[in-house]
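Visitor:
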Amino acid sequence: MHKAERYFMLIVTTTSIYRIPMQIPAVAGRSLLNDKDSALMMLTSQIITSPTNSYNFTNDIGPSLPTVVSAVHSAVNNCSLIGIATSTSLHVCSVGFGGDKLEPKFGKLEAHGKSIFSFFGNAGDVVTMCFTTAVPKNTPLLFTIFRDGTLRVWLHTASGTVLLATEKLYKYIDGAKPEFHSCVSRGSRTLLGLFVSFNSISQFVVLKPKVTPGPEPGVIASFSLQTVCTIAAPKSNMMDFKVSEHSLWSLWCNADFEMQVLNYELGAQDENLGVKGWNEVATLRTSDDNLPAVDGAKDLREFYRKRIFKSGIFPAAVIKKTLMMLKQNETGVKRSSAIGSMLRLEREVIDCIGQQLRKQQASTESNGPWAPEDLIAISNQLWEKFHCYCEQYNEESARPIGLFLGEEMIESALHVTVGVVRKHFVSFIRTCDRLETAYYGAGPSPAPDELGTFMLVKFLKEIEETLTQDQKQELDGFLHQRQVAAKEPTMKSDRSSASERFEFEDNGVPEEETEEISFNEIELLSAAQYNSMTSCVIDQFGAKKLEIDEAVDNLLRSLTPDNQPALLLNEAELEKANGGVSVYTGPHFYGELAVATAKQTVSFRYKLLRNLLLLQQLIRKSEGVNRSDKLNRFLAVVQPRIVMLVRCYYAMNWLANKRLEMDWSRKRNEIVNTFPTNQQHTPFTLLQAYARCRANYKRPEQWISQEAADDPLDDPNNSYLLSLTQKASALIAYISPMTDDFRFAEWLSENELSLHIDDYVELVDEWCTKNKYSRALIKAKSFLLDGEPYKAYDLFLKARQGIYEERYLLKFASGHSADDQRSAALYQMPSMYFLQAIRLFDLHGAYDMLPKLVNVALQETLFPEQQVRVKAMFQNIAFSSYMAMGRYKLAYMVLWKNVDPRRKKDCLRQVVGLLLSQRNLDLLAVLPTRGQLAQFLEVVTMCARSADMEEGFRYDFLYSFLVGEQFYREAAKVALEGAKRYETERVTHNSLEGQYQMLLKSAVALANLPAERAWLPSPTVINPLEQSAPTERNVEVLRVKHLEERMIIMQSVHDLSKAHSEQLALLEPKELVVMLMRKRMYNRALELAHCCVPAKVPVIYKHITKACIFASSSGEYTSPNDADDESSDNERNMSWLHANFQTDVRIGGDTATTAWNYLRHMIEREPDELIEEAHLAVLESVLAEKFHVPAWVRAWCFEHTPVQLVRAYWRNRYLLDACQCMIQLFEKRLFVPPSDVAFPLTLVDQLFFELERSPNRSEALLEEYRTKLEAMFDSMQ
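Here UniProt numbering is used: the first residue of the sequence shown is 1, the next is one more, and so on.
1) Between N56, L1247 and D125, which lies nearest to A1213 when the distance is taken from Cα to Cα?
2) List the whole-angstrom C-beta distance separating I220 from L248, where the pair is believed to meet the contact cut-off of C-beta under 8 Å.
3) Which residues does DSSP list as the beta-bridge partners of N279?
4) On the DSSP bridge assignment, give the partners of Y968 in chain order.
5) Provide the residue(s) that pair with C79 in DSSP beta bridges, ordered along the chain.
6) Just list the alpha helix (DSSP H) runs in the region 1078-1121, keeping only unbroken ones of 4 residues or longer that don't cross its boundaries, in chain order.
7) Taking the beta strand (DSSP E) that K871 falls in, what are its first and last residues?
8) Among residues of its own chain, excluding the 5 on either side of V939, which ones have a beta-carbon nearer than 6 Å to its beta-carbon?
9) Excluding the 5 residues flanking residue 1286 on each side, which residues of the same chain have their C-beta closer than 7 Å to its C-beta?
10) Does Q1142 pass the burial test, meaning 16 or more other C-beta atoms within 10 Å, or should it be called exposed?
11) What do you reckon, are the CB atoms on Y833 and A813 nearer than 8 Å?
12) Helix, strand or coil for W703 per DSSP?
13) How is E766 classed by DSSP in three states: helix, strand or coil?
14) M949 and E985 - do their beta-carbons sit closer together than 8 Å?
15) Going by C-alpha distance, which of P1094, C352, E750 and N59 is nearest V672?
16) Sorted by chain position, which residues of the same chain lie with C-beta nearer than 7 Å to A891's C-beta, five sequence neighbours on each side aside?
17) If you draw a straight line from the alpha carbon of L141 to that of Y55, how long is it in whole angstroms?
18) In whole angstroms, what is the alpha-carbon distance linking N199 and F143?
19) First and last residue of the alpha helix (DSSP H) that includes V581?
20) Could you tell me which of R641, L225, L976 and W1192 sits nearest to P561, measuring between CA atoms?
21) Measure the beta-carbon distance from A691 to L731 and round it to whole angstroms, keeping in mind my assumption that it falls under 8 Å.
22) Within its chain, find whatever has a CB closer than 7 Å to the CB of residue 1287; leave out the 5 residues flanking it on each side and keep chain order.
23) For the beta strand (DSSP E) holding L1067, just list the boundary residues, first then last.
24) Closer than 8 Å by C-beta to G214: which residues in its own chain qualify, once you throw out the five before and the five after it? Chain order, please.
25) How many Å lie between G149 and T212 at the Cα?
26) Around the C-beta of Y804, are 16 or more other C-beta atoms found within 10 angstroms, so that it is buried, or is it exposed?
27) Rounded to whole angstroms, what's the CA-CA distance from R659 to T685? Just pull it up for me.
28) On the DSSP bridge list, what partners appear for T86?
29) Once DSSP output is grouped into helix, strand and coil, what is the label at L724?
30) When DSSP builds the beta bridges, which residues end up paired with S445?
31) Taking just the CA atoms, how far does F478 sit from R647?
32) I need the DSSP call for S250, collapsed to helix, strand or coil.
33) Rounded to whole angstroms, what is the Cα-Cα separation between W383 and R301?
34) Give every residue of the same chain whose Cβ lies closer than 6 Å to the Cβ of F936, excluding the five residues on either side of it in the sequence, and list them in chain order.
35) Give me the Cβ distance between A1014 and R1039, rounded to the nearest whole Å; I'm assuming they're in contact under 8 Å.
36) Three-state secondary structure (DSSP) at T133?
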């Protein structure tokens, strides 16, 4: 059964055969059933009734309906035999398992060629039939018993089934009564069991067939039946029975409808098996007889809630069924049968009972409001009613309906598995250990050295039966709330040699003296019956000359959990008694049978220890009891040990019954990965969840990397050898706080079960010193998970004391298994521990605690030269924690203390980069001190250069910081570099503005330097988009005026860059001047021309003069601009004047006057070297446009450039104006020496010549000009 991988389940009814395939992993396989408790849970009705898995044989046996059916499987032939009896015939069906489809073969049985039913009427009906296989080559034998008491034996061979023998049943029955009331047969491998019931008595007959093979194969030489034993049956109704090779098992129902399972050892075969007689199998009751009475003064709601939902007594299906019944009775509507989680069930039950309570309260409103005690009484009644219904449904689902028995040969030993088939589940029967045997009074007599222990257990059972449920709960609560500290018992020098054997190993007991326990607070100890019980115990031990101290000593040794469960492998072979009851649960610990056995064992041992502590106190405090001083001293010394074990088993009993509470949707952990989705809301206990997840689970890759597992029981090949009780003992050792193993608490911590961790540590921490620092660590992790880092910090500091002693702390510090960490040096362990602690705090966001941990680590950890990097890492952790909390000043101060220069620079880069990204520039500006400026500026400069110029504020900050530190030259360099980056990387409107601002800042910084130092080399910025190799070039020296020129160019491009910004950035200054004139941006054009192309200044004034003439001509002037100029409407509105207007220009009476005033104002601001050209340009433009020359223009030209004035008039054919101008010059005697004014003679002559020939000449003016001219010549002579 445990070595194959594929199985078939054979089920036979009176109409059909079902052969159900089942997939079960092998022992050495790794695909264990992590998601199912049993392979049966994978079966569905569709699988069972599939045509390939089922067959209806009613048409194969004739018209008569089958009455009796029996089946057996023959492993030799790999087939199953099925005997089918009807009222008229007997058939044998053979079913093979080789094909994919059922193909049964039927054969009709006949005696000597005639039907066996042809000789009898109703007396020929088959009453019962069964098979056995213990004949040569395991050939099956079919036994059929007829109504008339005839027993026929049939032999199945390859050629068919033949009649082997015919016997009368009364030959084997005591009393030789030929007629019986009923008869039931069951077969085992070698035995035939018969239950024969008469009118007055009933008895079991066990027969053993004796077969002698013949000389030829398949031939039987002789056959006989030997009576093994005849057993009188109890006076109850027999429900079912099974027979094995060494025992008979039966299920009975008495007159009170109570079910009991009885076992009878067949001692006739082996006298060492035990005493003959019926032994009752101890079964656990699901309900308590001693429930608290319903009292109106005490609210029992919490008691029933804990018992119904948290005790594990009632399955979720039972609670849901009870709830549906109550709701249907209230509303008459059938509710959904979906179960959901236990928490949801609890809420629904509370709501339902609350509705019933409000309904009853509303029905009695006419009688006035309820008193508080009445409300409590009704609530207690409703909860008691719900609890009662749950018990009834639970008992109904657990009602026994039959037995099952399986025999299996494993390693040449016969193992028998027995259990009870109940209505909704099955219960397995296991072998009791020594103490359970003594408690329940079953099994062989004890050995002489165990007689005292057995007697003590009997007395403890009497105490358990004497205590009421309320007294037990009161005593349990007293022991739990007292928090009594147990200590290692100290042996006294005057103890006897027998008592000196009471030497216990240190199992985690505190060294300080424990306080004396006083049970006077509990009323149950004041009863007189306990004094008499104490006297009876001492008297009976004295009468049998047994020592109580030896019995207590042996009992405590038996109850102490094994600190080395691997030693159970040495005892595994000792329990493999041939024929003993042994339940094989596979190669793992997480089976429900092993977990249930461990839970039963813990609960049973806790009862013994609790009652032992009570008995010990009773003996010590009772008066008038004849006890020796030695016993008094022994009981006083052993008390701490008893208390320690009581509290140990109290904690294990808690975790065996505590329901698992966790948020399945929060995150994935080992529990979520182990349990499938359909089982995640099933109410598991902590012990069930732990056993399923961890007790026998080891990843394959870990096995490969290690020569041996941490625990030999982790190997399935080893755990497979253990019996059920041994596996339970191993589980108890794994979960016991008194052992070195810390697996259970570690499992709690890894799965983040904070609520259960708090309860577990509270239960264990006060009395057990084993793994106390490890418990502090998991408690600290729990606090971190719950958002309480300050409490976690204290516990982490406490836990560090055990890193050299406790396995879990070593594993935590190293991050590996307990063996791998041994390779690390001792001085490294504290630093490794603190690093792991820091990692956890950082993982949970508790950054404010990291600097404290770092300070402690730096103070308490040695740092040799090879661990300087560890110290640097701790300092870096403190820096990172301050950064995460936003405490940048502290982070900046900490980084300068780092012993690693590389880490120091990296940290500086982090804090500067973060503050720049957050634009927290005010804080960044005050961080550095004088000794840190160089590195600080280097990092800030690097950040500025590595960032995109869309965030040019980095250059702004660097410039401002340098100016604040009065490093003007460096500030100018930074600003110029930023401008160059704006120029090379971006040419958008915003980048032009940024470039201008940077140039302006650079110029301002240089202006603060002396003239001889106010220069900069032109920066070189490599464009990453250009792939060409850099070429050598001469360094260009830039001064303030060069920067100003660049600023004006940038302003011009900025003003023009509404579109086509890329082309504008590539234009020369003279081209920009032209574009500015075309856009009527005269101010910017003049500024650019003055700076870069002075020759363009007269051109600009010509353009302005034309605009002024247009303004004066009232629209008669035609614009000289190209097609892309602004429209005439905008020109008439004189938008250019508004765009270029300055505040100190005098506003005239109209727009034209204001425009001429603007022109005059701009010309008057021109420098001396350009003012003449500006006036002449205006003059030429006015004359060219046939417009009158403004008086201020003529006056300035007449005063400063008369020659050019006259030439302009003459050149534009204004001869009269030129002549008048000449006359005025003659009158002022400008040509008389020592005057500097001298006209070329050609101009004078040419003017006179053209004036004479002009049709519009004035004779008077011409004469006056001639006179003045002659006078000039005379004066010159």
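Even for Gly, the Cβ is constructed at its ideal location relative to N, Cα and C.
Guide: Concretely, from the data shown:
1) Note that residue 1213 corresponds to Arg in the displayed sequence, not to Ala. Out of N56, L1247 and D125, L1247 has the C-alpha closest to the C-alpha of R1213.
2) That belief does not hold up - the Cβ atoms of I220 and L248 are roughly 27 Å apart, past 8 Å.
3) N263
4) According to DSSP, Y968 bridges with nothing at all.
5) S74 and G96
6) 1082-1091 and 1097-1112
7) Looking at the DSSP string, K871 is not in any beta strand (DSSP E); the run it does join, the alpha helix (DSSP H), is V868 to M885.
8) L908, R909 and V912
9) Summary: the structure shown does not reach residue 1286, with the chain confined to residues 1 through 1277, and so no result is reported for it.
10) exposed
11) yes
12) Here W703 scores only 36 on pLDDT, less than 50, and its place in the model is too uncertain to base an answer on.
13) coil
14) yes
15) E750
16) F879, Y882, M883 and V911
17) 24 Å
18) 24 Å
19) That residue, V581, is in no alpha helix (DSSP H); it is neither H nor E in DSSP.
20) R641
21) 6 Å
22) Examination of residue 1287 is not possible in this model, given that the chain is present from 1 through 1277 alone.
23) From DSSP, L1067 is part of no beta strand (DSSP E); its letter is neither H nor E.
24) I220 and A221
25) 25 Å
26) exposed
27) 4 Å
28) P66
29) helix
30) S445 pairs with nothing; no bridge assigned.
31) 11 Å
32) strand
33) 7 Å
34) P928
35) 6 Å
36) coil
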